[in-house]
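Structure first, commentary second.
Numbering (this note's numbering), first residue to last: 2 to 294.
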């Protein structure tokens, strides 16, 4: 006798906005249970509307995080593969913890505003970050709405960037990060070859909601193509200052069990940091996106 699996049952959960800028929390959803297609469709709509979703009280395994992430698209692996979770290599360990005198994860991820993997030909659609250990103080993550930043960009800046492209490089501030953090590893020749400089539009059109968003960041954007270096740098600094104003930002204060999912096509993010003696460990999965246009 062949047993037929029952279809997933719809769950009763709430989606509540977190701030006027962006963000919503998902309360009452259990991701250890199979997710009905209708529930996934509801989450998809919410993600496009709010750009950042906070899934509360998720007690899932790394394998379950990977499986849920894969519903959104193929996963991308970080170039620092030495910080991948051994049993789930698509999971990047974000942590300041040292074991046997060595870091178990990437301890200084996100110290500059950025969009994940903007230095790739196909940057990330979005990233999941699941809390494992949280510090008692600090550790917040900030998110900035780049649709709003574009919508409110002053006319002179809008005219200056319309139709232009910029170069993005993973290596832009890598040396600076190594000077700040002795645990950030040297890159192998193979790792350097895996992250060549790419060209991206300064203003990209979101492939799902059709809205435009600024797509530059202090972490990865190196120069604006077709401009002298001094003009390029001045324009980029003006864009950075505009795009991360407080009115565009949601500040996430982590709670136990939180898993945050943000849209890298419409949001920049920044790690606020925590005292180095306080343990912090999170697991990140990243979904591949489209070539920006």
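Note that the Cβ used here is the ideal one computed from N, Cα and C, for glycine as well.
Own chain partners of residue i with C-beta closer than 7 Å, once the 5 adjacent residues on each side are dropped
| i | result |
| --- | --- |
| residue 10 | 37 |
| residue 70 | 76, 129, 286 and 288 |
| residue 14 | 27, 28, 29 and 30 |
| residue 263 | 52, 53, 127, 128, 144 and 270 |
Contacting residues, own chain, Cβ-Cβ under 8 Å from residue i (five flanking each side not counted)
| i | result |
| --- | --- |
| residue 269 | 114, 115, 116, 144, 145, 147, 218, 244 and 245 |
| residue 273 | 139, 140, 141, 142, 143 and 252 |
Residue i in three-state terms, based on DSSP
| i | result |
| --- | --- |
| residue 1 | Any question about residue 1 goes unanswered here, given that the chain covers just 2 to 294. |
| residue 65 | helix |
| residue 110 | coil |
| residue 294 | coil |
| residue 78 | coil |
| residue 133 | strand |
| residue 264 | strand |
Nearest-angstrom beta carbon gap, residue j and residue i [assumed within contact, 8 Å]
| i | j | result |
| --- | --- | --- |
| residue 158 | residue 239 | 6 Å |
| residue 248 | residue 136 | That pair is no contact at about 28 Å. |
Reference residue i, options the options, closest by Cα
| i | options | result |
| --- | --- | --- |
| residue 90 | 64, 258 and 188 | 64 |
| residue 133 | 183, 161 and 62 | 62 |
| residue 55 | 18, 206 and 35 | 18 |
| residue 193 | 201, 183, 175 and 200 | 175 |
| residue 285 | 14, 12, 51 and 125 | 125 |
| residue 119 | 276, 39, 267 and 283 | 267 |
| residue 40 | 27, 52 and 51 | 27 |
| residue 184 | 104, 98 and 161 | 104 |
| residue 278 | 98, 260 and 25 | 98 |
| residue 22 | 50, 16 and 46 | 50 |
Cβ of residue i within 7 Å of any chain E Cβ
| i | result |
| --- | --- |
| residue 18 | No chain E is present in this structure, which holds just one protein chain. |
Chain-order list of residues whose beta-carbon lies under 6 Å from that of residue i (same chain, five-residue window excluded)
| i | result |
| --- | --- |
| residue 20 | 251 |
| residue 79 | 93 |
| residue 213 | 151, 204 and 206 |
| residue 32 | 59, 61 and 69 |
*Contained beta strand (DSSP E) runs [length at least 3] in the segment 186-239, N- to C-terminal order*: 199-202, 204-206, 213-215 and 222-225
*Quick one: which unbroken beta strand (DSSP E) runs of 3-plus residues sit fully inside the segment 2-36? Chain order, please.*
15-18 and 25-28
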